[in-house]
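The block underneath contains the structure these notes are about, expressed in structure tokens.
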Amino acid sequence: MNDCIAGFAVSCELPERTGVDTLQGEAKLNRFFAEVEKRALRIAEISIRDRDEALDLVQDAMIKLARRYADKPADELTPLFYRILQNRIRDWQRRQAVRNRVMVWFGKSGEDDDYDPVAAAPDTAGRSPDEELESYEAMAGLEVALAGLPGRQREAFMLRTFEGLDVAGTAAAMGVSEGSVKTHYSRAVHSLRETLGEHWQ
Amino acid sequence: MNERPEGNANDDFATKAKARFDESVARIDGATQSKLTRARHEALAELAAPRPAWAQWVPATGVAAAAVLAVVMWTGGPSVNDLAAPEVASDMEILLTEDSLEMLEDLEFYSWIDLDEELSTEPENHVG
Chain A
813 MNDCIAGFAV
823 SCELPERTGV
833 DTLQGEAKLN
843 RFFAEVEKRA
853 LRIAEISIRD
863 RDEALDLVQD
873 AMIKLARRYA
883 DKPADELTPL
893 FYRILQNRIR
903 DWQRRQAVRN
913 RVMVWFGKSG
923 EDDDYDPVAA
933 APDTAGRSPD
943 EELESYEAMA
953 GLEVALAGLP
963 GRQREAFMLR
973 TFEGLDVAGT
983 AAAMGVSEGS
993 VKTHYSRAVH
1003 SLRETLGEHW
1013 Q
Chain B
58 MNERPEGNAN
68 DDFATKAKAR
78 FDESVARIDG
88 ATQSKLTRAR
98 HEALAELAAP
108 RPAWAQWVPA
118 TGVAAAAVLA
128 VVMWTGGPSV
138 NDLAAPEVAS
148 DMEILLTEDS
158 LEMLEDLEFY
168 SWIDLDEELS
178 TEPENHVG
């Protein structure tokens, strides 16, 4: 058994694929990406507050998954994909922090264009304006509250709640123990409820 | 009065949060969806893409370049003295962190993307 198959290691190469394997892998990955891509984009967007950058990170994660892990069993793809994406997000956030420090050092603001949630607001989906506004405001409030959480708590909450990963899958995606996931998730829910209040809908 | 157990309240909150998140996913506009679809197709094209022979040397070159850059930043340049030491150390950590090295190891991959984009006759294949 190839070492790459065991667990969720993300640093090993897979052997060369045959033509038939490639076709099967392509169909499997196409289904997987189509199923997960919009949620992944929103999770990345909530993490870095920039849709275009989030799109780039999601595309990077897709390409790396296709390049290195196309032969993985379907049930391992979700944690693997999110592990790659979370690494990309953390790397982006660290680089952005350095960039902002450098910009401040040179006397410039690192925030050239502030995130505009109204401009980024997508189309409605057949609901009344009041319902749409209520839903949008609730999600906007949740995003602000999520932005105030420590990174690991935010990751645990989004992977467990938004993507629906179980504790083991979340642990694999985050690269931490299951106990750590439970702790981060519990603290995240507690903080979010406290921030948003009991009447948040 | 009845007070619901904490676990139930947490579950209710998570259910509401999931519903709001799903609604926000459903509101993703057509243009963004189109970009996601193109991103997916570019990723799938990677499955059949051959890797150029010269690419095997790029990861080692990238790591060596990072090491040289680190030495230059650490030892030379008047700007280093103007920064607080912990911040310099933190920036070095970021530059040399595992994820960054992973990006360097993937240089041949991003080089291939650039080459592919240059050769492409369809400019709409690019996301972002």
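In the order they appear, the protein sequences are chains A and B.
First residue of the first sequence: 813, per the working numbering; consecutive thereafter.
First residue of the second sequence: 58, per the working numbering; consecutive thereafter.
Just so you know, even glycine gets a beta-carbon here, dropped at the ideal spot from N, CA and C.
Cross-chain neighbours of residue i in chain B, by beta carbon under 7 Å
| i | result |
| --- | --- |
| residue 838(A) | 101 and 104 |
| residue 845(A) | 97 and 100 |
| residue 849(A) | 93 and 97 |
| residue 973(A) | 71, 74 and 75 |
| residue 1013(A) | 73 |
Beta-carbon proximity check, residue i vs residue j, cutoff 9 Å
| i | j | result |
| --- | --- | --- |
| residue 958(A) | residue 969(A) | yes |
| residue 93(B) | residue 842(A) | no |
| residue 901(A) | residue 856(A) | yes |
| residue 835(A) | residue 78(B) | no |
| residue 980(A) | residue 971(A) | no |
| residue 866(A) | residue 894(A) | no |
Residue i at chain B interface by Cβ criterion, 9 Å
| i | result |
| --- | --- |
| residue 1001(A) | yes |
| residue 860(A) | no |
| residue 827(A) | With a pLDDT of 49 at residue 827(A), under the threshold of 50, the modelled position of this residue cannot be trusted; read the value that follows with caution. Not closer than 9 Å to any Cβ of chain B, the Cβ of residue 827(A) fails to qualify, so no. |
| residue 976(A) | yes |
| residue 940(A) | no |
| residue 915(A) | no |
| residue 882(A) | yes |
| residue 995(A) | no |
| residue 986(A) | no |
| residue 989(A) | no |
| residue 945(A) | no |
| residue 992(A) | no |
With 16 other Cβ atoms within 10 Å as the buried cut-off, status of residue i
| i | result |
| --- | --- |
| residue 996(A) | buried |
| residue 854(A) | buried |
| residue 1001(A) | buried |
| residue 917(A) | exposed |
| residue 69(B) | exposed |
| residue 891(A) | buried |
| residue 823(A) | Caution applies to residue 823(A), whose pLDDT of 45 falls short of 50 and renders its modelled position unreliable; the model cannot decide the point. |
| residue 949(A) | exposed |
| residue 869(A) | buried |
| residue 961(A) | buried |
Partner residues on chain B for residue i, Cβ-Cβ distance less than 8 Å
| i | result |
| --- | --- |
| residue 842(A) | 97 and 101 |
| residue 982(A) | Within 8 Å Cβ-Cβ: nothing; residue 982(A) doesn't reach chain B, min ~13 Å. |
| residue 908(A) | Per Cβ cutoff of 8 Å: no residues; residue 908(A) is ~10 Å from chain B at best. |
Cβ of residue i within 9 Å of any chain D Cβ
| i | result |
| --- | --- |
| residue 979(A) | Of the chains in the structure shown, none is chain D; the protein chains are A and B. |
Proximal chain B residues relative to residue i, where beta-carbon distance stays under 9 Å
| i | result |
| --- | --- |
| residue 911(A) | By Cβ distance, chain B contributes nothing, its closest Cβ being about 10 Å from residue 911(A), past 9 Å. |
By the 8 Å beta-carbon criterion, what residues does the region 951 to 966 of chain A contribute toward chain B? 951 and 954
With 9 Å as the C-beta to C-beta threshold (strictly closer), list the residues of the region 887 to 900 of chain A near chain B in chain order. 899 and 900
Residues of the region 58 to 82 of chain B whose Cβ lies closer than 7 Å to any Cβ of chain A, in chain order: Residues of the region 58 to 82 of chain B that bring their beta carbon within less than 7 Å of a beta carbon in chain A comprise 67, 70, 71, 73, 74, 75, 77, 78, 80, 81 and 82, in sequence order.
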